[in-house]
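*Asks:* Mind looking over this structure? Questions follow.
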């Protein structure tokens, strides 16, 4: 496994593409942090 034990950060993790990236990293047993911010601007 190429990512086993590696660290990664996935931003905008609620989007479909970035969710897929996070799942692929998790499948390879990487340590990941997921970040998604949805701020309403008034």
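In our numbering, the protein residues as written are 151 to 192. From the three backbone atoms N, C-alpha and C, an ideal C-beta is built for every residue, glycine too. Small disclaimer: the values here were computed from a predicted structure and weren't measured.
I need the boundaries of the alpha helix (DSSP H) containing residue 173, first residue and last residue.
*Replies:* 166-177
*Asks:* According to the Cβ coordinates, are residue 182 and residue 172 closer than 8 Å?
*Replies:* yes
*Asks:* Can you tell me which of 178, 160, 179, 155 puts its alpha carbon nearest to the alpha carbon of residue 185?
*Replies:* 160
*Asks:* Which residue from 163, 168, 187, 176 puts its Cα closest to that of residue 153?
*Replies:* If we check each option's Cα against that of residue 153, 176 comes out closest.
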